Structure formats: C-alpha cells, structure tokens
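Chemist:
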Amino acid sequence: MKKAPSQRQLRVAEEIKKLLAQMLIENNLFIKGLKAPYLMITEVQVAPDFGYTDIYMRAMSPVDTNEQVAMLNEHKGIFRKKIGQNIRLRITPEVRFFADTRFEQDAHIEALLNSPRVKADLDKYKK
108 MKKAPSQRQL RVAEEIKKLL AQMLIENNLF IKGLKAPYLM ITEVQVAPDF
158 GYTDIYMRAM SPVDTNEQVA MLNEHKGIFR KKIGQNIRLR ITPEVRFFAD
208 TRFEQDAHIE ALLNSPRVKA DLDKYKK
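Under my numbering, think of the first position of the sequence shown as 108, with each following residue one higher.
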C-alpha cells in the first residue's frame, strides 16, 4: 500500500504548483508552440526523498494535452531551474510532466453507469 504524503511533501508540492502556475500565467517561457493560457496544473506530487516531482497537466480545448505535455518535458530544465531559484530545498527535484487523464476516465465510468445495459441490471436488483 502506498504511503500518504507527509505535510512537508504537500507543502512543497503546493509551492511548486503556485510557482509553475505563475510561470504559465506570465507566459514568458518563449517555448515555440506552447499554449500556456490553455494549460491547467491539476496536481503536483513530490517524491518522499524530494528527488523528483510529478506534475499533472490538462489542456483546455482546442489544445492537445499530450502535445503540450511533450513540449513541457522537452523544456523541463527551465522549470527545474526556476524551482531551485525560488523554493529553498536541499535538493532541487527533477521535474516530470504528465497528462492528467482522470477526467476522461471519470466520463467513461459515468457513461458506463448510465448505459441501458447496466441500468437494466440494476433494475433487476431493486425489486
């Protein structure tokens, strides 16, 4: 079973999220093709040893999330440098960006639960 993050991990993750969100809002990254105004940071997880941080992103329409995440991963050194300059940590964590697919998974489960076949099965047990 996975251990819950410590208070320090949560605090550092929140600081990283604020910093990266500010970088995206300012949009002064000069990454060709990056559509920063369409990006949303959904979650930041910091490893227990603070060696790396996983950043989950979601892009709003009409932007492709996977394309934007790939661009961010190509330029992740910019983000790591900024974290090192602004957040006091003994080790500056390696930055990894991922597409957050939870919204699509939730929609898929919702569609399954609302399908006629599942409703018919549920109606059998209500009687």
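For every residue, glycine included, the Cβ atom is placed at its ideal position computed from N, Cα and C. All figures in this text were calculated on a predicted structure; none of them were measured in a lab.
Among residues of its own chain, excluding the 5 on either side of Leu-146, which ones have a beta-carbon nearer than 7 Å to its beta-carbon?
Modeler: Within its own chain, the residues whose Cβ lies closer than 7 Å to the Cβ of Leu-146, once the five positions on either side in sequence are excluded, are Leu-131, Met-164, Ala-166, Gln-175, listed in chain order.
Chemist: Given a cut-off of 8 Å on the beta-carbon distance, is the pair Met-178 and Leu-141 in contact?
Modeler: yes
Chemist: Suppose you measure from the CA of Glu-121 to the CA of Val-151; what does that come to, to the nearest Å?
Modeler: 7 Å
Chemist: Could you pull the start and end residues of the alpha helix (DSSP H) that Met-130 belongs to?
Modeler: 114-133
Chemist: With a floor of 4 residues, list each alpha helix (DSSP H) that falls wholly inside the segment 137-178, ordered by position along the chain.
Modeler: none
Chemist: Could you check how far apart the C-beta atoms of Thr-160 and Ile-123 are, in whole angstroms? I think they sit under 8 Å.
Modeler: 6 Å
Chemist: Leaving out the 5 sequence neighbours to the left and right, which residues in its chain are closer than 8 Å to Val-225 when beta-carbon positions are compared?
Modeler: Leu-219
Chemist: Label Pro-200 either buried or exposed according to how many other C-beta atoms from any shown protein chain fall within 10 Å of its C-beta, with 16 as the threshold for buried.
Modeler: buried
Chemist: Look up Ala-206 in the DSSP assignment and say whether it is helix, strand or coil.
Modeler: Strand.
Chemist: Within this structure, are the beta carbons of Phe-157 and Leu-196 separated by less than 8 Å?
Modeler: yes
Chemist: What is the rounded straight-line gap between the Cα of Lys-139 and the Cα of Phe-186?
Modeler: 16 Å
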